[in-house]
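Numbering (full-length UniProt numbering), first residue to last: 1 to 292. Idealized CB from N, CA, C, for every residue including glycine. Just so we're clear, the structure is a prediction, and the values are computed from it rather than from any experiment. Here is the structure we will look at.
The structure is reproduced here in structure tokens:
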């Protein structure tokens, strides 16, 4: 296994022992693939901050779209045509129905989602023209931890790690962006998928498509949890208070984003094993404590 990362947001110490590591960008992937001659590519590399994508869109189009085009061309040159791509629920934008199915309209409300949708379209083209065997996995909210590795973002935007930072005294409080949504407790509802379940799906997807085929699958556990439920779970798991402040709604935040993962369950036999919110939080908390 070879890991290619420019380390702009990644961490070299997360590369497993025994893997070859190359520090390079997607734009410089051609010589690496020419040397390695891989059988398949798992494509996780991207810029992924929604807010940043709105104020610096050129970075997102360059990295996520132009970078992926460079990668696909490098794969063609190396005679590698099997790829699993990290797509996102942000491709759907404001959903018309919940849970969201793969045939739902795709109307991204931010540049990040638009770039991921563009790559999905790119993969469809490469499958048709060059016999690529491609899978796009549209992640919902990835959470939890595994093998001592958890979320570690320079700029943290995810709810569970932010709540755990409050518990650890690294933040004074957590902000709830709106408590007047049409949900039971007034806070937004999201679908949290454990990183181990995500990993399982990638392994299944790696060999699933035939040449000339591009499949798209949602990845979520199919159950939504509100912001308030997540905060309550963090309090329960850690035994610590989580001070909160209530702010205004953020533009473009849908009331509910919950996945229908029926397609990948039916096609690949994938079933999430970590569906309990407290368990997801517990894994994240235990890993964060070990890293502190």
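When you compare each of 83, 64 and 51 to residue 40 by their alpha carbons, which one comes out closest?
Within the chain shown, the letter at position 40 stands for residue 40. Nearest C-alpha to residue 40: 83.
Of all the alpha helix (DSSP H) runs that stay within the bounds of the stretch 149-207, which reach a length of 4 or more residues?
Here the runs fully enclosed are 159-167 and 195-206.
Assuming residue 53 and residue 112 are in contact, meaning their beta carbons sit under 8 Å apart, how far apart are those beta carbons, in whole angstroms?
By 1-based counting over the chain shown, the position of residue 53 is 53. By 1-based counting over the chain shown, the position of residue 112 is 112. At roughly 4 Å, the Cβ-Cβ gap stays under 8 Å, so residue 53 and residue 112 are in contact.
Determine whether the beta carbon atoms of residue 136 and residue 87 lie at a separation below 7 Å.
Taking the chain shown and counting its residues from 1, one reaches residue 136 at position 136. Taking the chain shown and counting its residues from 1, one reaches residue 87 at position 87. Taking 7 Å as the Cβ cut-off, residue 136 and residue 87 qualify as a contacting pair.
Pick out whichever of 47, 98 and 195 has its Cα sitting closest to the Cα of residue 183.
Taking the first residue of the chain shown as position 1, residue 183 is located at position 183. Cα-wise, what sits closest to residue 183 is 98.
Can you tell me the Cα-Cα spacing of residue 248 and residue 238, whole angstroms?
Reading the chain shown from its first residue, position 248 is the one you call residue 248. Reading the chain shown from its first residue, position 238 is the one you call residue 238. For residue 248 and residue 238, the distance between alpha carbons rounds to 27 Å.
Please state whether the Cβ-Cβ distance between residue 274 and residue 200 is less than 7 Å.
Locating residue 274 in the chain shown gives position 274, counting from the first residue. Locating residue 200 in the chain shown gives position 200, counting from the first residue. Taking a C-beta distance under 7 Å as the contact criterion, residue 274 and residue 200 do not qualify as a contact pair.
I need the boundaries of the beta strand (DSSP E) containing residue 2, first residue and last residue.
Within the chain shown, the letter at position 2 stands for residue 2. Where residue 2 is concerned, the enclosing beta strand (DSSP E) stretches over 2-5.
Classification of residue 147 by the beta-carbon crowding that lies within 10 angstroms, buried from 16 upward
By 1-based counting over the chain shown, the position of residue 147 is 147. Residue 147 is exposed by the Cβ-count criterion.
Where residue 98 falls: helix, strand or coil (DSSP):
Counting from 1 along the chain shown, the entry for residue 98 is found at position 98. Three-state DSSP puts residue 98 in coil, outside helix and strand.
Between 20, 125, 134 and 90, which has its C-alpha nearest residue 35's C-alpha?
The sequence position of residue 35 within the chain shown is 35, counting from 1. Scanning 20, 125, 134 and 90 for the CA closest to the CA of residue 35 turns up 20.
3 or more residues per run - each beta strand (DSSP E) lying fully within the stretch 198-286
Fully enclosed beta strand (DSSP E) runs of 3 or longer: 213-219, 224-226 and 244-247.
Below 7 Å CB to CB, which residues in the same chain sit around residue 159 once its five sequence neighbours on both sides are set aside?
Residue 159 sits at position 159 when you count from the first residue of the chain shown. Within its own chain, the residues whose Cβ lies closer than 7 Å to the Cβ of residue 159, once the five positions on either side in sequence are excluded, are 227 and 230, listed in chain order.
The beta strand (DSSP E) spanning residue 88 covers which residue range?
Position 88 of the chain shown holds residue 88. For residue 88, the enclosing beta strand (DSSP E) begins and ends at 82-88.
Beta strand (DSSP E) segment containing residue 142, residue limits
In the chain shown, residue 142 corresponds to position 142, counting from 1. Its beta strand (DSSP E) spans residues 141-143.
I'd like to check one pair, residue 157 with residue 116: are the Cβ atoms closer than 7 Å?
Taking the first residue of the chain shown as 1, we reach residue 116 at position 116. Taking the first residue of the chain shown as 1, we reach residue 157 at position 157. The answer is no: Cβ separation not under 7 Å.
According to DSSP, is residue 19 part of a helix, a strand, or is it coil?
For this step, residue 19 is matched to residue 19 along the chain shown. Three-state DSSP puts residue 19 in coil, outside helix and strand.
Just to confirm, is the Cβ distance from residue 259 to residue 100 under 7 Å?
Against the chain shown, residue 259 aligns to sequence position 259. Against the chain shown, residue 100 aligns to sequence position 100. For residue 259 and residue 100, yes; Cβs fall inside 7 Å.
Tell me where the alpha helix (DSSP H) around residue 32 begins and ends.
For the purposes of this step, residue 32 is taken as the residue at position 32 of the chain shown. Per DSSP, residue 32 belongs to the alpha helix (DSSP H) from 30-36.
Under DSSP, the beta strand (DSSP E) around residue 42 begins and ends at which residues?
For the purposes of this step, residue 42 is identified with residue 42 of the chain shown, where counting begins at 1. Following the DSSP letters along the chain, one finds residue 42 inside the beta strand (DSSP E) bounded by residues 41-43.
Name, in chain order, the residues that DSSP records as bridge partners for residue 93.
To locate residue 93, count along the chain shown from 1; it is residue 93. In DSSP, residue 93 forms a bridge with 107.
Can you give the beta carbon distance from residue 195 to residue 242, rounded, assuming they're within the 8 Å contact cut?
Taking the chain shown and counting its residues from 1, one reaches residue 195 at position 195. Taking the chain shown and counting its residues from 1, one reaches residue 242 at position 242. That pair is no contact at about 22 Å.
Can you give the beta carbon distance from residue 14 to residue 203, rounded, assuming they're within the 8 Å contact cut?
Here residue 14 refers to the residue found at position 14 when the chain shown is read from its first residue. Here residue 203 refers to the residue found at position 203 when the chain shown is read from its first residue. Between residue 203 and residue 14 the Cβ distance is about 18 Å, and since that is not below 8 Å, they are no contact.
Between which two residues does the alpha helix (DSSP H) holding residue 26 run?
As a position in the chain shown, residue 26 is number 26, starting the count at 1. No alpha helix (DSSP H) contains residue 26, which DSSP labels as neither H nor E.
Using the C-alpha atoms, what's the distance from residue 10 back to residue 361?
Here the chain covers residues 1 to 292 and nothing more, so residue 361 does not appear.
Inter-residue Cα distance where the pair is residue 79 and residue 123:
Sequence index remark: in the chain shown, residue 79 carries index 79 (1-based). Sequence index remark: in the chain shown, residue 123 carries index 123 (1-based). Using only the alpha carbons, I get a separation of about 16 Å.
Rounded to a whole number of angstroms, what is the C-alpha to C-alpha distance between residue 62 and residue 37?
Counted from its first residue, the chain shown places residue 62 at position 62. Counted from its first residue, the chain shown places residue 37 at position 37. Cα-Cα distance, rounded: 25 Å.
Would you mind working out which of 189, 3, 7 and 170 sits nearest residue 17, comparing C-alpha positions?
As a first step, residue 17 is located in the chain shown; it is residue number 17 there, counting from the start. Among 189, 3, 7 and 170, the Cα nearest to that of residue 17 is on 3.
Apart from the five residues on each side of it in sequence, which residues of its chain come closer than 8 Å, Cβ to Cβ, to residue 43?
If you number the chain shown from 1, residue 43 lands on position 43. Counting only Cβ-Cβ distances below 8 Å, and skipping sequence neighbours, we find 68, 71, 83, 84, 85 and 86.
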